[in-house]
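In terms of the working numbering, the sequence shown is residues -10 to 377.
Don't be surprised by glycine CBs; every beta carbon is placed ideally from N, CA and C.
Being a predicted model, the structure only gives us computed values, none of them experimental.
Accompanying notes for the structure given below.
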Amino acid sequence: MYEQEDLKQRIATIIKEYDNQGIHRTGTEVDNQSAHWLANKIKKIGQDPHLDKFSLNRIDIVEASVEIGEEKIVGVPLFDCIYPEEELIVGNLGSLRKNNIVGITRVDNVKPQDLENQRKNNSNIGIIVATQGLTSGLSLINAEHFTKPFGPPTLQISSEYWSFLSSKIGTEVSLRIKINRTPSKAYNVITRIEGKDPMLTPLVVMTPRSGWWNCASERAGGIAIMLEMMRTFVTVKPKRNLIFLANSGHELGHLGLNHYLENNTNLIKGASSWIHLGANLAEIVHNGSNTAVQPKIRAQFSDSEIEALGLKSLAKHSIVPSTNISQGTRPLGEAKNIFDGGGRYFSVIGIKNPFFHHPDDRWPGAVDINSSLRITKALMHLGLKLAN
-10 MYEQEDLKQR
0 IATIIKEYDN
10 QGIHRTGTEV
20 DNQSAHWLAN
30 KIKKIGQDPH
40 LDKFSLNRID
50 IVEASVEIGE
60 EKIVGVPLFD
70 CIYPEEELIV
80 GNLGSLRKNN
90 IVGITRVDNV
100 KPQDLENQRK
110 NNSNIGIIVA
120 TQGLTSGLSL
130 INAEHFTKPF
140 GPPTLQISSE
150 YWSFLSSKIG
160 TEVSLRIKIN
170 RTPSKAYNVI
180 TRIEGKDPML
190 TPLVVMTPRS
200 GWWNCASERA
210 GGIAIMLEMM
220 RTFVTVKPKR
230 NLIFLANSGH
240 ELGHLGLNHY
250 LENNTNLIKG
260 ASSWIHLGAN
270 LAEIVHNGSN
280 TAVQPKIRAQ
290 FSDSEIEALG
300 LKSLAKHSIV
310 PSTNISQGTR
320 PLGEAKNIFD
330 GGGRYFSVIG
340 IKNPFFHHPD
350 DRWPGAVDIN
360 SSLRITKALM
370 HLGLKLAN
């Protein structure tokens, strides 16, 4: 009981500290300070982290708004659209793909492909998209094409404005989008643990550590799990070498992971397997009482053998995935990079997070520590199995 309470407290501390750092967008001061914070946490466990630096042209927002009559709506531009040469765009609101029109649309933030399709071959002078999550508000969409932007200048606004916006079709609007591109650095945090048999292929554990907002439930859960997995191997030396990768650049098309894989191409297939600690592993799932509620997760796996190991580890802690993405199907999150390269993986992602990509993803209201505790113990068990 005491050990479980200690583990629970450590998870809570990591999530709280990560949340308190601020907005974790890639290459910002908060993101880089967070890399050093994580490295210090790893050192305190007794491991030796390395900061893997990569470059980007960070987008800093100067102006992002639309004026409709006397109403001004402030939003956030897409980070992978083409920005206007002049910050002011004036035109009438209307349908998508119409010339000289500011098109409007509403998109679920977990279905970015919908907006991507709407932006292709689009002749609008601008687009305003009301982003819809499980909670009303400004739930941002990832910039999958950050390095190869396309499509009209696009402003994301809160879902709360959709009714108002759609009632103003034909009305002239002033759309303002202005950004600065700032040459910046960001960091992956990499930790290697030597195993008993260096001839064995390594196990890689990865989790993203950047995101649009404070990301308490979205990102900090994976970081806490990774730290606990590292702690396990201080006292239980693994047979095979281990590589732990906490990458920045998640919201920008996996920028940090891409950088790492470009420099470690052979590792995708060369690793014995990859464990992907995906999004939302601390998401709130309680039902308003103190009763334990089944964590809502999706399991993704490359083959039947690792599927069996992973599902058995989850079941050991009474977790049954709500959905599975089986072998042969391209997974979500960073696991898709491993799938694309033909690697072996087991991946877990929380689903039904009411605060996914939302500014209210904050400690403690967005977090379910009891659920995160169960997921942590399950993945520690899986890590031990795959490392030995």
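- Annotation note: the region 210 to 239 contains the following uninterrupted beta strand (DSSP E) runs of length 3 or greater, listed N- to C-terminal: 231 to 236.
- Between G245 and P197, the CB-CB gap stays under 9 Å.
- Pairing S360 with E272 gives a Cβ-Cβ distance under 9 Å.
- Shown here, L104 sits in a helix according to DSSP, grouped into three states.
- Your pair V51 and K167 checks out as a contact, with CB atoms roughly 4 Å apart and the cut at 8 Å.
- Rounded to the nearest angstrom, the Cβ distance from S173 to R47 is 4 Å, consistent with a contact under 8 Å.
- Boundaries for S23: no beta strand (DSSP E) harbours it, while the alpha helix (DSSP H) harbouring it runs 18 to 34, taken from the DSSP string.
- Rounded to the nearest angstrom, the gap between the Cα atoms of S311 and R287 is 6 Å.
- When Cβ pairs closer than 8 Å are counted between the two stretches, the region 234 to 243 is seen not to touch the region 330 to 343, the count staying below three.
- Remark: C-beta atoms of I62 and L154 approach each other more closely than 9 Å.
- By the Cβ-count criterion, I71 is exposed, with fewer than 16 other Cβ atoms from all chains shown falling within 10 Å of its own Cβ.
- In the DSSP secondary-structure assignment, T94 is bridged to V118.
- For the region 269 to 315, the full-length beta strand (DSSP E) segments reaching 3 residues or more read 286 to 290, 312 to 314 along the chain.
- In terms of Cβ geometry, F344 and L144 do not form a close pair [threshold 9 Å].
- When Q36, E74, E161, F135 are compared, the shortest CA-CA separation from E59 is found for E161.
- Less than 9 Å separates the beta-carbon of T171 from that of D49.
- For I264, no alpha helix (DSSP H) encloses it; the enclosing beta strand (DSSP E) starts and ends at 262 to 266.
- When only Cα atoms are considered, I57 and T120 end up about 18 Å apart.
- Contact between L231 and L192 is confirmed by a C-beta separation of about 5 Å, below the 8 Å threshold.
- Shown here, H243 sits in coil according to DSSP, grouped into three states, outside any helix or strand.
- Counted as a single uninterrupted DSSP element, the alpha helix (DSSP H) harbouring M369 occupies residues 358 to 376.
- Checking the DSSP bridge columns, you'll see A53 partnered with I166.
- With respect to the 9 Å criterion, D350 and A205 are classified as neighbours on the basis of their beta carbons.
- Shortest Cα-Cα distance from A53 to any of F43, S44, V65 involves V65.
- Linking K325 to K5 through their CA atoms gives a straight-line distance of about 29 Å.
- Of all alpha-carbon atoms in A260, V178, K100, the one lying nearest the alpha-carbon of P187 is that of A260.
- Rounded to whole angstroms, the gap between the alpha carbons of D97 and E183 is 43 Å.
- In this chain, the beta strand (DSSP E) harbouring N81 covers 77 to 83.
- Exclusion of the five residues before and after I308 leaves Q283, P284, I286, R363, I364, A367 as the residues of its chain whose Cβ lies within less than 8 Å of its Cβ.
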